[in-house]
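Enquirer: If you scroll down you'll find the structure; I have some questions about it.
Residue numbers (this note's numbering): 1011 to 1420.
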């Protein structure tokens, strides 16, 4: 008889190595992935052990996590109610007027009939798919869809069909070959969190018109960044009325935490009574709810910050490409510097230890086996000199690596 804990023991004996992708330096991987970030890590600069560090690893696209108005409202609510209230799940004692006000604001933001707020973005994604799709339904999902969407798909008991990344032709082939007595749902990310590219929503909408499926878009990384007033990728393409459900999270451009789904009143009401991750978890704390409400108001009016974000994005990505780095097909501020093997771990370690820059590396299973990437995210608060320092530092690291004079791992 085997023991389910054995995988845990094996992992500790040989951490950060899986399948054929054996990480050569496990100590390096552990030092990179277990590094402790300071609490105040949302701005472009942060302090770590008395050292000033340049931050390029967060998703605080507009800098709202540290906005004075957001922090002030959170402090006011915390002073009056504490940090845990209201107690209980939303269907019991957890719903307060502030939740309903935020949901109404989100529905107006997404131009839908209604919206529902979850206590985390992952709960919104998983709970929605688990509640909507049953054993007679077929769920078509992009191969690079976020892990929370994949978990939700598996929890749904629907038949799952995976189509090649951003390949509308392959999706159409699967639609033609798949017969079902139930419904059909297509699930995509608006912006893909590792690759940084954007879903081909106009092509998907064309397929929706012809094949009659429901289209769900997780716009976690697009809300606040794409479209008029930061309303997201469906508004960026002008197809918002043909997206059936708009999903999102507050942990990116909003700068708080939580998630939401916006769509038709009947569907949102159904989710309130059937989404397990809404029913069986504590309500979003009031302090976060009110901070998010303020952040949403700021986000809609933040055209100046969005312009600065895109200006910084263009500067960073063009500078990296000019320096010979490969960024794939990113169409967003997410800037993946692509590498073979686990080189991105070395980049991340050297940036942090030698140059005082924090970037986020990704290896298998977040990316394809045998590859890695350094995920860099400019924000509206970065300055051109911050970006130049990052690019020059990465060039210096790569040059030293090529010459074999890379600073040793300690």
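Glycine residues also receive a C-beta, built at the ideal position from the N, C-alpha and C atoms.
Quick caveat, the model's predicted, so the values are computed rather than measured.
1) Counting Cβ pairs closer than 8 Å, one from the region 1261-1279 and one from the region 1120-1135, do we hit at least three?
2) Report yes if the C-beta distance between residue 1397 and residue 1357 is below 8 Å; otherwise report no.
3) Could you tell me whether the region 1210-1222 touches the region 1096-1109, using the rule of 3 or more Cβ pairs below 8 Å?
4) Which class does residue 1106 belong to by DSSP, given the choice of helix, strand or coil?
5) Could you give the DSSP three-state label for residue 1198: helix, strand or coil?
6) Report the option in 1354, 1156 and 1117 whose CA atom is closest to the CA atom of residue 1043.
7) Counting Cβ pairs, one atom from each stretch, are 3 or more of them under 8 Å apart for the region 1331-1340 and the region 1361-1379?
8) Going by other Cβ atoms of all chains shown within 10 Å of its Cβ, with 16 needed for buried, is residue 1069 buried or exposed?
9) Helix, strand or coil: how does DSSP classify residue 1314 here?
10) Of all the options 1226, 1300 and 1363, which has the alpha carbon lying nearest to the alpha carbon of residue 1274?
11) Three Cβ pairs or more, each shorter than 8 Å: is that satisfied between the region 1378-1389 and the region 1296-1311?
12) Tell me the start and end of each unbroken alpha helix (DSSP H) in the region 1153-1188 that is at least 4 residues and wholly inside, in chain order.
13) Apply the 10 Å Cβ neighbour rule to residue 1186 and answer buried if 16 or more other Cβ atoms are within range, or exposed otherwise.
14) My output table needs one value for residue 1276: the three-state DSSP class, helix, strand or coil.
15) Would you kindly report the start and end of the unbroken alpha helix (DSSP H) that includes residue 1391?
16) State whether the region 1151-1170 contacts the region 1186-1197, with contact taken as three or more CB pairs (one from each stretch) at a distance under 8 Å.
17) If we call anything under 8 Å between Cβ atoms a contact, is residue 1141 one with residue 1284?
18) What separation, rounded to the nearest whole angstrom, lies between the Cα atoms of residue 1234 and residue 1154?
19) Might you give, ordered along the chain, the residues of its own chain that have their beta carbon closer than 6 Å to the beta carbon of residue 1022, omitting 5 neighbours on each side?
20) Could you compute how far the alpha carbon of residue 1292 sits from the alpha carbon of residue 1145?
21) Could you spell out where the beta strand (DSSP E) holding residue 1258 opens and where it closes?
22) Do residue 1087 and residue 1296 come within 8 Å of each other at the CB atom, strictly closer than that value?
23) Tell me the rounded alpha-carbon separation between residue 1020 and residue 1276.
24) Could you spell out the range, first to last residue, of the alpha helix (DSSP H) harbouring residue 1042?
25) Kindly list the residues whose CB is nearer than 7 Å to the CB of residue 1299, restricted to its own chain and excluding five residues on each side of it in sequence; keep chain order.
26) How many Å lie between residue 1263 and residue 1074 at the Cα?
27) At what residues does the beta strand (DSSP E) containing residue 1371 begin and finish?
28) Near residue 1278, what residues of its chain come up, given a Cβ to Cβ distance below 6 Å and the 5 sequence neighbours on each side ignored?
29) In the structure shown, what three-state DSSP assignment does residue 1013 receive?
30) Please go through the same chain and pick out, in chain order, the residues whose beta-carbon is closer than 7 Å to the beta-carbon of residue 1143, but skip the five residues on each side of it.
31) If you drop the 5 nearest sequence neighbours on each side, which residues of the same chain put their C-beta closer than 7 Å to that of residue 1193?
32) Between residue 1105 and residue 1281, is the Cβ-Cβ spacing less than 8 Å?
33) Exposed or buried, residue 1015, counting other C-beta atoms within 10 Å across all chains shown (16 or more means buried)?
Expert: Put simply:
1) yes
2) Against the chain shown, residue 1397 aligns to sequence position 387. Against the chain shown, residue 1357 aligns to sequence position 347. No; because the gap between Cβ atoms is not below 8 Å, this pair is not in contact.
3) no
4) The count along the chain shown starts at 1 and reaches residue 1106 at position 96. Residue state, collapsed to three classes: coil.
5) As a working mapping, residue 1198 is identified with position 188 in the chain shown. If DSSP states are grouped into helix, strand and coil, residue 1198 belongs with the strands.
6) Sequence index remark: in the chain shown, residue 1043 carries index 33 (1-based). Of the listed residues, the one whose Cα sits closest to residue 1043 is 1354.
7) Taking 8 Å as the limit for Cβ pairs, the verdict is that the region 1361-1379 does not touch the region 1331-1340.
8) As a first step, residue 1069 must be located in the chain shown, where it is residue number 59. By the 10 Å Cβ count, residue 1069 comes out buried.
9) As a first step, residue 1314 must be located in the chain shown, where it is residue number 304. Residue state for residue 1314 is assigned as helix, using DSSP reduced to three classes.
10) By one-based count along the chain shown, residue 1274 stands at place 264. The residue with the shortest Cα to Cα distance from residue 1274 is 1226.
11) no
12) Listed in chain order, they are 1157-1165 and 1178-1187.
13) Stepping through the chain shown from its first residue, residue 1186 is reached at position 176. Here residue 1186 is exposed, its C-beta having fewer than 16 other C-beta atoms within 10 Å.
14) Taking the chain shown and counting its residues from 1, the one referred to as residue 1276 is at position 266. It is helical.
15) Along the chain shown, read from residue 1 onward, the residue named residue 1391 stands at position 381. Per DSSP, residue 1391 belongs to no alpha helix (DSSP H) and is neither H nor E.
16) yes
17) The residue given as residue 1141 occupies position 131 in the chain shown. The residue given as residue 1284 occupies position 274 in the chain shown. Yes; because the gap between Cβ atoms is below 8 Å, this pair is in contact.
18) Locating residue 1234 in the chain shown gives position 224, counting from the first residue. Locating residue 1154 in the chain shown gives position 144, counting from the first residue. C-alpha separation (whole angstroms): 22 Å.
19) As a working mapping, residue 1022 is identified with position 12 in the chain shown. Here the set comprises nothing.
20) The residue labelled residue 1292 in the question sits at position 282 within the chain shown. The residue labelled residue 1145 in the question sits at position 135 within the chain shown. If I take the Cα positions, the gap works out to 28 Å.
21) Stepping through the chain shown from its first residue, residue 1258 is reached at position 248. Counting along the chain, the beta strand (DSSP E) containing residue 1258 begins and ends at 1255-1259.
22) If you number the chain shown from 1, residue 1296 lands on position 286. If you number the chain shown from 1, residue 1087 lands on position 77. Yes, Cβ-Cβ distance for residue 1296 and residue 1087 is below 8 Å.
23) Indexing the chain shown from 1 puts residue 1020 at position 10. Indexing the chain shown from 1 puts residue 1276 at position 266. Residue 1020 and residue 1276: Cα-Cα distance of roughly 48 Å.
24) The count along the chain shown starts at 1 and reaches residue 1042 at position 32. Unbroken alpha helix (DSSP H) run through residue 1042: 1036-1043.
25) Reading the chain shown from its first residue, position 289 is the one you call residue 1299. Cβ within range, chain order: 1108, 1109 and 1112.
26) Within the chain shown, numbered from 1, the residue matching residue 1263 stands at position 253. Within the chain shown, numbered from 1, the residue matching residue 1074 stands at position 64. Rounded to whole angstroms, residue 1263 to residue 1074 spans 7 Å at the Cα level.
27) Counted from its first residue, the chain shown places residue 1371 at position 361. Start and end: 1370-1372.
28) Here residue 1278 refers to the residue found at position 268 when the chain shown is read from its first residue. Taken in chain order, the residues that qualify are 1124 and 1126.
29) Numbered from 1 along the chain shown, position 3 holds the residue referred to as residue 1013. Three-state result, residue 1013: coil.
30) Taking the first residue of the chain shown as 1, we reach residue 1143 at position 133. Cβ neighbours of residue 1143 beyond the five flanking positions: 1149, 1166, 1168 and 1195.
31) Working through the chain shown from its first residue, we reach residue 1193 at position 183. Excluding sequence neighbours, residue 1193 sits near 1147 and 1224.
32) Position 95 of the chain shown, counted from the first residue, corresponds to residue 1105. Position 271 of the chain shown, counted from the first residue, corresponds to residue 1281. Taking 8 Å as the Cβ cut-off, residue 1105 and residue 1281 do not qualify as a contacting pair.
33) Start at 1 with the first residue of the chain shown, and residue 1015 comes out as number 5. Exposed, since its Cβ has fewer than 16 Cβ neighbours within 10 Å.
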